[in-house]
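Chemist:
Residue numbers (this note's numbering): 635 to 1041.
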């Protein structure tokens, strides 16, 4: 056994999974299963910024590798391909040179959307979410333009290796400024609906989902690390929007917020489908997976909207819809043999409280600290209810899988 070569293979596989946005438990399990498939005892310790892998040779000599993990991506096509490669290596156990060749081939074959497609995804996602939260068609079209601004800023700063905090501020400011100025100059435009639709593009949905799943699977350090990143990005969104609000107010008085349009459930589900297609493109999901992920968003939002119609409280409705999204993701992942994260991160996106974040920021800018505190607590309650819904479903599926393996 060429232990050094096996350790390099396991390290590279785990590194590529982590760099493309896989959860901590998935990275560790993929590494350990690969080592076990080749008859080697090993340990893996992974946190969002570092991984440490060690094995024991036949004469009990320890060999270790440590590798730093840089800025995380959100390439779910890559996560699916590397997860499938891990499963294939464990089943077929080829010689190590062949396995390394398969890893390099997998890396070469990963597909990525080009800039026009990414901009389309940003615009389409913003358009759908603006409609979902009660904007008019004109609001949604302006939100799509704001989405293009977000996409262009993110694309440019990605190539300059800007840190996520600065990148979020830099994208939030021009987006919100355009929304406020458009509402001031064009009668009937709802600035809130325009801004919220595009703001959803900046909400760290993958980070939030992975944080919840890491905590559920016992990787508390990684989960807390990711949750801190989520909070920092929320602060960056707040800073960008607040700066835009103040600049726009100096240029022209910002119009009073108008109530959202009360669309029926069918229209809301259609808007959710549009929005989720945009986000599936942003997260680099290809083929029929785009529509399957978007369909999950429809089921999740339908669960929320129907629960409200039946008189269920709003927090409880978010819990029910999170259960629906998680159930859909876990079932589809087992049918198609793909990671559940690919389905969950898009399916649950309509439920992520982007509007709650926006209105919390707005109350703070207006100086209404009582409503700011109330809105902030309500937004955190929504996040907690969603986390509990995911926890319930994932725990049940994990226990069922563990029991089946023991049998």
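All C-beta atoms, glycine included, are put in the ideal place defined by N, C-alpha and C.
On the DSSP bridge list, what partners appear for residue 677?
Modeler: Answer is 688.
Chemist: Does DSSP put residue 745 in a helix, a strand or coil?
Modeler: Coil.
Chemist: Pick helix, strand or coil for residue 919, following the three-state DSSP scheme.
Modeler: If DSSP states are grouped into helix, strand and coil, residue 919 belongs with coil.
Chemist: Where do the ends of the beta strand (DSSP E) carrying residue 697 lie?
Modeler: Per DSSP, residue 697 belongs to the beta strand (DSSP E) from 696-702.
Chemist: Is residue 855 helix, strand or coil when you go by DSSP?
Modeler: In this structure, residue 855 counts as helix in the three-state DSSP scheme.
Chemist: Shortest alpha-carbon distance to residue 907 belongs to which of 964, 926 and 892?
Modeler: Residue 926 is the option with its Cα nearest to residue 907.
Chemist: So, at 6 Å on beta carbons, what are the nonlocal neighbours of residue 680 in its own chain, with the 5 sequence-adjacent residues on each side left out?
Modeler: Excluding residues within five positions, the ones whose Cβ falls inside 6 Å are 658, 661 and 662.
Chemist: What is the DSSP secondary structure of residue 796, reduced to helix, strand or coil?
Modeler: Coil at residue 796, not helix or strand.
Chemist: Short of 8 Å in beta carbon distance, which residues of its chain neighbour residue 1005, apart from the five on each side in sequence? Order them along the chain.
Modeler: Excluding sequence neighbours, residue 1005 sits near 997.
Chemist: Quick check: does the Cβ of residue 694 come within less than 6 Å of any heavy atom belonging to the ligand GDP?
Modeler: The ligand GDP is not among the ligands present in this structure, which contains no ligands whatsoever.
Chemist: I need the straight-line Cα distance from residue 675 to residue 690, nearest angstrom please.
Modeler: So the two alpha carbons sit approximately 6 Å from each other.
Chemist: Nearest-angstrom Cα distance between residue 929 and residue 1002?
Modeler: Distance between the alpha carbons of residue 929 and residue 1002 is about 39 Å.
Chemist: Run through DSSP, which three-state label would residue 827 get?
Modeler: Correct three-state label for residue 827: helix.
Chemist: Looking at the C-beta of residue 660, does it have a partner C-beta in chain B at a distance below 7 Å?
Modeler: Given the protein chain composition of this structure (a single chain), no chain B is represented.
Chemist: Determine the extent of the alpha helix (DSSP H) in which residue 971 is found, giving its start and end residues.
Modeler: From DSSP, residue 971 is part of no alpha helix (DSSP H); its letter is neither H nor E.
Chemist: Residue 903: which of 931, 682 and 915 sits nearest, CA to CA?
Modeler: Among 931, 682 and 915, the Cα nearest to that of residue 903 is on 931.
Chemist: Please go through the same chain and pick out, in chain order, the residues whose beta-carbon is closer than 6 Å to the beta-carbon of residue 708, but skip the five residues on each side of it.
Modeler: Result list for residue 708: 655, 840 and 917, in chain order.
Chemist: For the pair the region 872-888 and the region 720-740, tell me if three or more CB-CB distances fall below 8 Å.
Modeler: Flag = no, the region 872-888 and the region 720-740 do not touch.
Chemist: Residues in the same chain with beta-carbon distance under 6 Å from residue 838, minus the five sequence neighbours each way, listed in chain order, please.
Modeler: So the list reads 864 and 867, once near-sequence residues are dropped.
Chemist: What's the gap between the Cα of residue 936 and the Cα of residue 835?
Modeler: Roughly 21 Å separates the two Cα atoms.
Chemist: Please report how far the alpha carbon of residue 635 lies from the alpha carbon of residue 913, in whole angstroms.
Modeler: Looking at the two C-alpha atoms, the distance is approximately 44 Å.
Chemist: Which class does residue 718 belong to by DSSP, given the choice of helix, strand or coil?
Modeler: Of the three classes helix, strand and coil, the one that applies to residue 718 here is helix, per DSSP.
Chemist: Can you give me the C-alpha to C-alpha distance between residue 808 and residue 783, rounded to a whole angstrom?
Modeler: Cα to Cα, residue 808 sits roughly 7 Å from residue 783.
Chemist: Measure from the alpha carbon of residue 744 to the alpha carbon of each residue in 724, 719, 767 and 1037, then state which is nearest.
Modeler: Minimum Cα distance to residue 744 is reached at 719.
Chemist: When we look at the beta-carbon of residue 829 and count the other beta-carbons within 10 Å, is it buried (16 or more) or exposed?
Modeler: Buried: at least 16 other Cβ atoms inside 10 Å.
Chemist: Excluding the 5 residues flanking residue 628 on each side, which residues of the same chain have their C-beta closer than 7 Å to its C-beta?
Modeler: The requested residue 628 does not occur in the structure, where the chain is confined to residues 635 to 1041.
Chemist: By how many angstroms is the C-alpha of residue 717 removed from the C-alpha of residue 667?
Modeler: Using only the alpha carbons, I get a separation of about 11 Å.
Chemist: Express the C-alpha separation of residue 821 and residue 969 in angstroms, rounding to a whole number.
Modeler: The straight-line gap from Cα to Cα measures roughly 50 Å.
Chemist: My assumption, with CB atoms under 8 Å, is that residue 653 sits in contact with residue 703. Please give the rounded CB distance.
Modeler: Right, their Cβ atoms sit about 6 Å apart.
Chemist: Since I believe residue 915 is in contact with residue 747 (beta carbons under 8 Å), could you give me their beta-carbon distance rounded to a whole number of angstroms?
Modeler: About 6 Å separates the two Cβ atoms, so the contact holds.
Chemist: Can you grab the Cα-Cα spacing for the pair residue 796 / residue 786, in whole Å?
Modeler: If I take the Cα positions, the gap works out to 14 Å.
Chemist: Using beta-carbon positions only, say whether residue 938 and residue 951 come within less than 7 Å of one another.
Modeler: Yes, the pair counts as a contact, with Cβ atoms nearer than the cut-off.
Chemist: Would you kindly check if the distance between the Cβ of residue 827 and the Cβ of residue 773 is under 7 Å?
Modeler: A contact, by the Cβ cut-off of 7 Å.
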